[in-house]
Ligand code: HAM
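In the working numbering, the protein residues as written are 425 to 860.
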């Protein structure tokens, strides 16, 4: 077979119906937990002024330096496709005057995001994230609750056994400035042992030296000064309380002093869910506190914390674990027909069955009964209803159980009620969908 004329761009993929079963299930679980905890959904645009990301994520972060899809308008304005959700949510929070509303403000999102990185397993140029942000509360009990919701979502998706929660604090801005100085002093003179990225990081973003994946850099990182030497007593207390609350909630965690996260806006708590098998490669999700970001973006100083997870990676872990989400798309009934009169009757019957909340297909094409039955098989229909000329004349219909291969001829009268009972439909008749 020759290659198709057009293919999706590198690192970008279609979400096909089988994967949408996973996506729908993940969304359902996320929505359930977010609603229970008082979050409301927000969608921000696919692209923003480029400064929204440069300022928040950090001009020297990998995302801004290397991974943004930038666009230029005809008038020369610079935009970028959103590489993550937090920056846009904070821009919207300030723009729409949410600062005046009672705190905390709690928002969640399920959106596509874009990063121009080298495509590989679990790393795409367009991917989906679900995430949530809680704005206006600095209590570590909130950090514990955000981490707990993330953990509960992983549990309900059936993947928590494959993951470990990595936890660290990177303290306040002031703590961090002191720590950066310590790191620069330690690394000065050792530049030759660092990878090219880390040589650059040393000047621009020394904290990132700690979470480089290169072996030589990791050896140096393990010998580097520890943050606990500079952390202030307030930051320490925040972290100690968070750990106590997590223990109270029975959320298992591993302390990881090298975890710093790749976005510049974090303060205090940072966390990621790593694979037990692959470590930091392909973390399913990560988040943390960002108490300085709202002020940095032009708002009033306001503490905040959030989390986001990659949906493609989550799906991958679910598949590896053997989790099959419920198939709400499954066809329950196939309606087969022969002849024009039967086809007309079938159209009405299909409508009536669908009104009972059943998934029904059929009454199309000119195929023989054999080909219609083989289509019903391929679609995985539980039952077929067969209507030919004789049945129309006699007021009957053939009900075929597709699994057993048995069939019976029964009166067409009452067939809708019978099928609804057999399949446990949920009647939508006389109901507006918004009343469901
Ligand atoms: P992040 O760690 O950059 O955090 O991304 C969160 C998750 O998105 C990752 O753990 C990963 O599962 C997924 N992800 C990121 N890049 C890709 C990619 N190229 N392909 C596939 N999946 C990817 C953030 O984005 C922060 N905004 C999280 C946050 C919310 N912090 C506070 N609030």
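Heads up, the beta-carbon is just placed ideally off N, CA and C, and yes, glycines get one too.
Inclusion of residue 735 and residue 457 in the CB contact set at 7 Å is not warranted, their separation being larger than that value. Using a Cβ distance threshold of 7 Å, residue 447 and residue 587 do not count as a contacting pair.
Between residue 496 and residue 541, the C-beta spacing is not below 7 Å. DSSP links residue 820 through a beta bridge to 835. In the structure shown, residue 757 falls within a strand segment according to DSSP collapsed to helix, strand and coil. The alpha helix (DSSP H) runs lying completely inside the stretch 486 to 561 and spanning 4 residues or more are 486 to 490, 510 to 519, given in chain order.
Residue state for residue 575 is assigned as helix, using DSSP reduced to three classes.
Distances from the CA of residue 763 to each of 781, 441, 791 were compared; the closest alpha carbon is that of 791. Using a cutoff of 6 Å, the CB of residue 560 does not count as near the ligand HAM, since none of the ligand's heavy atoms is closer than that.
The straight-line gap separating the alpha-carbon atoms of residue 843 and residue 559 is approximately 50 Å. Between the ligand HAM and the CB of residue 593, the shortest heavy atom gap is not smaller than 6 Å. Annotation: the continuous beta strand (DSSP E) that includes residue 807 extends over 807 to 811. It is roughly 26 Å from the alpha-carbon of residue 751 to the alpha-carbon of residue 545. Sequence-distant Cβ neighbours of residue 779 in its own chain, meaning closer than 6 Å and more than five residues away, are 852, 853. Going by DSSP, residue 453 is part of the alpha helix (DSSP H) stretching over 441 to 460. Between the C-alpha atoms of residue 718 and residue 515 there is a straight-line separation of about 8 Å. Per DSSP, reduced to three states, the secondary structure at residue 728 is strand. Where residue 696 is concerned, the enclosing beta strand (DSSP E) starts and stops at 691 to 699. Taking all protein chains in view, the Cβ of residue 745 is surrounded by fewer than 16 other Cβ atoms within 10 Å, so the residue is classified as exposed. Here residue 513 is not near residue 472, since their CB atoms are 7 Å or more apart.
Segment contact: the stretch 525 to 542 against the stretch 460 to 467, three or more CB-CB distances shorter than 8 Å; contact assigned. By the criterion of a C-beta distance shorter than 6 Å, residue 611 is surrounded in its chain by 626, once the five residues flanking it on both sides are discounted. Apart from sequence neighbours up to five positions away, the residues of its chain that approach residue 680 with a beta-carbon distance below 6 Å are 590, 592, ordered along the chain. For residue 739, no beta strand (DSSP E) encloses it; the enclosing alpha helix (DSSP H) starts and ends at 735 to 745.
Among the bridge pairs identified by DSSP, residue 825 is matched with 807, 830.
Judged by their CB atoms, residue 783 and residue 760 are not nearer to each other than the 7 Å cut-off. Residue 592 is bridged by DSSP to 694.
Distances from the alpha-carbon of residue 594 to those of 615, 689, 571 put 689 closest. Residues of the same chain with a CB within less than 8 Å of the CB of residue 602, apart from the 5 flanking positions on each side, are 654 in chain order. Using a cutoff of 6 Å, the CB of residue 707 counts as near the ligand HAM, since one of the ligand's heavy atoms is closer than that.
Listed in chain order, the non-local C-beta contacts of residue 634 below 6 Å within the same chain comprise 645, 682, 684, local neighbours out to five positions each way being set aside. For residue 713, the enclosing beta strand (DSSP E) stretches over residues 709 to 713. In this structure residue 597 is exposed. Its beta-carbon is surrounded by fewer than 16 other beta-carbon atoms within 10 angstroms. Annotation for residue 680: no alpha helix (DSSP H) segment contains it, and DSSP assigns it neither H nor E. Under the DSSP definition of a beta bridge, residue 471 partners with 505. In the DSSP annotation of this structure, the continuous segment of the beta strand (DSSP E) that includes residue 785 starts and ends at 784 to 786.
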